[in-house]
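Read in numbering that gives the first Met the number 0, the sequence shown has 104 at position 105, and its numbers run on one by one without any break. Just so you know, even glycine gets a beta-carbon here, dropped at the ideal spot from N, CA and C. It should be emphasised that the depicted structure is a prediction, and the values quoted were computed from it without experimental measurement.
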Amino acid sequence: MQALDALLNRVSVPRLIDPAPTAEQREVLFAAATRAPDHGHLQPYRFLTVEGAAREQMGELLAEAAQMQEGEITEAMIDKARNGPLRAPLVVVVIAKLQDHVKYPKAEQLLAAGCAAHGILLAAYAQGIGAVWRTGDLAYSKHVAKGLGLTDDEEVIAFLYLGTPQKEPRVAEKVDLAEFVSAWPGKS
């Protein structure tokens with residue numbers, strides 16, 4: 000697949016089934032992640048793979064975090080959290096490792112981690128793997144961070160769900176670029 004094809008046509012694929020990406024495919028996914036722009040070569044990211052029975056354990060962790068949220072929490076909300084990781088055969092937790100640095104601010108590091116996650120999505124599309132980026136309130140829960148073994152300088156920025164598309168992925172919509180791109184006229 001041509002790089003531009005992946006860049007121009009990648010779409011989220013929310014309905015995923017077995018099998019999960021192979022070891023060889025995963026190597027490509029994570030190699031693509033490491034090509035993210037990274038000022039200072041800080042590698043401000045790391046990844047956890049969650050599959051098999053570990054998805055159920057992650058679901059229990061998310062259900063616990065859901066029960067700790069403020070406001071009215073329904074049993075349906077708890078069940079949704081519990082079943083979330085079961086929506087795909089592989090969940091990749093993308094973790095930003097933000098470091099104090101005199102030259103490279105944490106905001107840039109966070110963007111680099113986001114680019115690494117996007118690299119995984121592009122590499123998945125290029126290999127015919129279905130993928131979708133999910134977060135939600137529970138991704139930012141201190142309880143979830145602790146349960147996943149994150150340190151104080153780390154935060155979850157994405158749950159990437161990966162697997163075989165259940166059906167043919169949709170075609171990417173064409174967008175009107177004029178809505179997003181304009182020329183700066185310079186100072187007046």
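Span of the alpha helix (DSSP H) around residue i
i           : result
residue 29  : 22-32
residue 145 : 141-146
residue 56  : 52-67
residue 105 : 105-125
residue 4   : 2-8
Residues near residue i by beta carbon distance below 7 Å, same chain, minus five either side
i           : result
residue 133 : 158 and 160
residue 19  : 50, 88, 89, 161 and 162
residue 10  : 168, 169 and 171
residue 31  : 118, 119, 121 and 122
Which residues DSSP lists as bridging residue i, in chain order
i           : result
residue 43  : DSSP output for residue 43 lists no bridge partner at all.
residue 160 : 90 and 131
residue 96  : 153
residue 73  : Residue 73 is not bridged to any residue.
residue 49  : 90
residue 15  : 164
Span separating the alpha-carbon of residue i from that of residue j
i           : j           : result
residue 141 : residue 154 : 9 Å
residue 125 : residue 26  : 13 Å
residue 17  : residue 98  : 37 Å
residue 61  : residue 184 : 49 Å
residue 197 : residue 150 : Not covered by the structure: residue 197. The range shown for the chain is 0 to 187.
residue 92  : residue 180 : 32 Å
residue 79  : residue 57  : 12 Å
residue 127 : residue 186 : 47 Å
Residues near residue i by beta carbon distance below 8 Å, same chain, minus five either side
i          : result
residue 29 : 46 and 119
Same chain only: Cβ atoms within 6 Å of residue i, ignoring 5 sequence neighbours per side
i          : result
residue 76 : 65
residue 54 : 84 and 85
Status (buried if at least 16 other CB within 10 Å, exposed otherwise) for residue i
i          : result
residue 85 : exposed
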